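Report on the following structure.
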Amino acid sequence: MPAGSGQLGVKPRRSLHRVIIRFAGDSGDGMQLTGDRFTSETASFGNDLSTLPNFPAEIRAPAGTLPGVSSFQLHFADHDILTPGDAPNVLVAMNPAALKANIGDVPRGAEIIVNTDEFTKRAMQKVGYATSPLEDGSLDGYSLHPVPLTTLTVEALKEFDLTRKEAERSKNMFALGLLSWMYHRPTEGTEKFLKSKFAKKPDIAAANITAFRAGWNFGETTEDFAVSYEIAPATTAFPVGTYRNISGNLALSYGLIAASRQADLPLYLGSYPITPASDILHELSRHKNFGVRTFQAEDEIAGIGAALGAAFGGSLAVTTTSGPGVALKSETIGLAVSLELPLLVIDIQRGGPSTGLPTKTEQADLLQAMFGRNGEAPVPVIAPCTPADCFDAALEAARIALTYRTPVMLLSDGYLANGSEPWRIPETDELPDLTVQFAQGPNHTLDDGSEVFWPYKRDPQTLARPWAIPGTPGLEHRIGGIEKEDGTGNISYAPANHDFMVRTRQAKIDGIEVPDLEVDDPHEAKTLVLGWGSTYGPITAAVRRLRTAGESIAQAHLRHLNPFPRNLGAVLGRYEKVVIPEMNLGQLATLIRAKYLVDAHSYNQVNGMPFKAEQLAKALKEAIDA
10 MPAGSGQLGV KPRRSLHRVI IRFAGDSGDG MQLTGDRFTS ETASFGNDLS TLPNFPAEIR
70 APAGTLPGVS SFQLHFADHD ILTPGDAPNV LVAMNPAALK ANIGDVPRGA EIIVNTDEFT
130 KRAMQKVGYA TSPLEDGSLD GYSLHPVPLT TLTVEALKEF DLTRKEAERS KNMFALGLLS
190 WMYHRPTEGT EKFLKSKFAK KPDIAAANIT AFRAGWNFGE TTEDFAVSYE IAPATTAFPV
250 GTYRNISGNL ALSYGLIAAS RQADLPLYLG SYPITPASDI LHELSRHKNF GVRTFQAEDE
310 IAGIGAALGA AFGGSLAVTT TSGPGVALKS ETIGLAVSLE LPLLVIDIQR GGPSTGLPTK
370 TEQADLLQAM FGRNGEAPVP VIAPCTPADC FDAALEAARI ALTYRTPVML LSDGYLANGS
430 EPWRIPETDE LPDLTVQFAQ GPNHTLDDGS EVFWPYKRDP QTLARPWAIP GTPGLEHRIG
490 GIEKEDGTGN ISYAPANHDF MVRTRQAKID GIEVPDLEVD DPHEAKTLVL GWGSTYGPIT
550 AAVRRLRTAG ESIAQAHLRH LNPFPRNLGA VLGRYEKVVI PEMNLGQLAT LIRAKYLVDA
610 HSYNQVNGMP FKAEQLAKAL KEAIDA
């Protein structure tokens, strides 16, 4: 424990079942690092948790302005939770802009900790405060804790040979120490992290640790914080196993590595940096010891072109991007459809169109994934539902791509990519066998009895063509984007052949084996809420609220969006009402109406943020009562 913690127990502790904390400040105040560290210690303590990082799109927005506010929300509990929470119980506001940008989300009675040092007249005028909100009574409905964080941090670090500006940078660690005291978070991990992060600058490491301890001791000794809180570990929320905290992009990276190992294929990533997908490129580049090769291309087209070349050469090939990059990659995805080679196209969706909202979340690329190519170019589409589920989704995408020799679109989004939750690390014997058999010799006998290799002779079960590695003697074959002749793969302009190949490629995708859709319906409800992707958490939380209130509602969630599960039509037919919440203007609802002629009710949001559980619960209750 930090120095001075021997007085622990003098102040009363209050037990809570859950709490939602939001750290907010300038994009240079280290709010993401502060949230990450608090999250890591919370995970090690054994709480269930869910996070929502939220940061500006600008690399460095003007200091002290509303567009420059960065925040990190963490919901942690002693039981199973599903979302980062609707509204914070505690807001830590490092400056006036952070307070103004977030106060609308904070319910009355919540605790607000503000850094009073930043509430200068100029800083307040910059965001439109005519008078100080700390003095004009506008915060009377909250439990306000004015703390001179900057002054206290500088005072704590006066023994160090630092300028005032350098010392002020550690104020986020002071705040982290204070919150760690308030909620009895472990401290050893953060101190170890700081020593490691600043290993080459031991004075900076020592200063940050000192600021962290000073914040902890301030909470223990000040009269302003009379109570600390305890949230017990979520002992019943998790199956037995070894857990770690993981974000969606990290889980995806690990899933791709696991898939390559299970397939016994080298992993190749051809990518161009784009928010919010870049972390996958960063992470995979660290794992050359697992046979991973990463190529940061000059643009999106080069990235996928290199990946498709790697697929032709026998690698498990991946390209990562976000929505605008998918548009640029579309021609090469069509080429992969024509070549019938396995390729994973990872789309971490964000707000659009065009550059749109780079750091915000959206689900608006579904129709692009389904139809965003010229000609008839069907591609399987799958979507993870939680950050941890991104690991399993990567394995499933690899299974489909390798088994059926096809590009596969995986649709994650910014909410899943940056959010985190506990993840049970699987045992290796739990992972699927993805072993691939490459073509080794001739596979067809001509009328004259000679044996030849036909690159488009298909497996009768999967309709997949053989995968022949370049350089294998006798297996030379033509590739390219012009239509292939059935079997031989030679160029063909014959109308009947084109018709046959188009229908065969479609039949291959339609025939992909995917699990039946599971429905959660304990009370034989009349209304079904159907979701996909990252809406899983908010939808499930809303359904729980409604059932607790005595309502009857069924829930189902789609992982496979092309092809749909074979029982989906029968499931939809069992319900009088179907509600589909989406972070778009109704793209899944459009597909469901078109394919199954179901009058699905679409509930939509496109504000760059995930649904709130209370908001969804109200909308679903209205649908039930309609």
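Read in the numbering used here, the sequence shown has 504 at position 495, and its numbers run on one by one without any break. Beta carbons: idealized from backbone N, C-alpha and C, even for Gly. The model shown is predicted, which means the values in this text are computed figures rather than measured ones.
Check                                                                                                       : Outcome
First and last residue of the uninterrupted beta strand (DSSP E) at Arg-253                                 : 252-256
Check whether Tyr-413 and Pro-619 have beta carbons under 7 Å apart                                         : no
Closest residue to Ser-331 among Leu-366, Arg-302, Ser-269 (Cα-Cα distance)                                 : Leu-366
Sequence-distant residues of its chain with Cβ nearer than 8 Å to Phe-299 (five each side left out)         : Ile-266, Ser-269, Arg-270, Leu-276
Which listed residue (Ile-562, Leu-420, Ala-628, Pro-71) has its alpha carbon closest to that of Gly-542    : Leu-420
Buried/exposed call for Pro-76, threshold 16 Cβ in 10 Å                                                     : exposed
N-terminal and C-terminal residue of the alpha helix (DSSP H) that Asp-438 is part of                       : Run containing Asp-438: none; DSSP gives neither H nor E here.
Cβ shell of Pro-21 (< 6 Å), same chain only, five flanking positions each side left out                     : Val-236
Contact check, Leu-203 vs Asn-226, beta carbons under 7 Å                                                   : no
Assigned exposure category for Ser-262 - 16 Cβ within 10 Å defines buried                                   : buried
The beta strand (DSSP E) enclosing Lys-586, as first and last residue numbers                               : 586-591
CB of Gln-564 within 7 Å of CB of Val-580, strictly                                                         : no
Segment contact flag, the segment 552-570 with the segment 608-618, C-beta cutoff 8 Å, min 3 pairs          : no
Proximal residues to Tyr-281 (C-beta, below 6 Å), its chain only, five neighbours per side dropped          : Ala-306, Asp-308, Glu-309, Gly-312
When Lys-604, Arg-583, Val-588, Thr-544 are compared against Arg-568, the one with the closest alpha-carbon : Thr-544
Buried or exposed (CB count within 10 angstroms, at least 16 for buried), Val-99                            : buried
Unbroken alpha helix (DSSP H) run spanning Ile-548, endpoints                                               : 545-557
Limits of the alpha helix (DSSP H) - the one that Glu-177 falls within                                      : 173-177
Proximity of Pro-574 and Val-523 at Cβ, strictly below 7 Å                                                  : yes
Residue burial classification, Thr-536 (beta-carbon count within 10 angstroms, cutoff 16)                   : buried
DSSP state of His-291 mapped onto helix, strand, coil                                                       : helix
Local Cβ density within 10 Å of Phe-447, reported as buried at 16 or more and exposed below that            : exposed
Beta-bridge pairing of Leu-153 - partner residues as DSSP gives them                                        : Ile-121
Test item: CB-CB of Thr-162 and Phe-183 under 7 Å                                                           : yes
Beta-bridge pairing of Leu-42 - partner residues as DSSP gives them                                         : DSSP, once it has assigned bridges, lists no residue as partnering Leu-42.
Member of Glu-197, Ala-246, Lys-209, Glu-232 whose CA lies at the smallest distance from the CA of Arg-222  : Glu-197
Alpha-carbon spacing of Ala-315 relative to Leu-472, whole angstroms                                        : 26 Å
Integer Cβ distance of Thr-415 from Val-346, believed to fall under 8 Å                                     : 7 Å
Residue closest to Lys-630, alpha-carbon to alpha-carbon, out of Ala-598, Gly-44, His-566, Ala-551          : Ala-551
Simplified DSSP assignment, three categories, for His-507                                                   : helix
Alpha carbon of Gly-228 to alpha carbon of Leu-166, nearest angstrom                                        : 17 Å
Where Ser-141 falls: helix, strand or coil (DSSP)                                                           : coil
Own chain residues within Cβ distance below 8 Å of Arg-23, not counting five before or after                : Val-236, Ser-237, Tyr-238, Glu-239
Beta carbon of Glu-514 nearer than 7 Å to that of Tyr-252                                                   : Per the sequence presented here, residue 514 reads as Arg, with Glu not at that position. Not in contact: Arg-514 and Tyr-252 (Cβ atoms no closer than 7 Å).
Helix, strand or coil at Val-335 [DSSP, three-state]                                                        : helix
Helix, strand or coil at Ala-12 according to DSSP, with G and I counted as helix                            : Summary for Ala-12: the model assigns pLDDT 48, below 50, so the residue's position carries little reliability, and this model does not support an answer.
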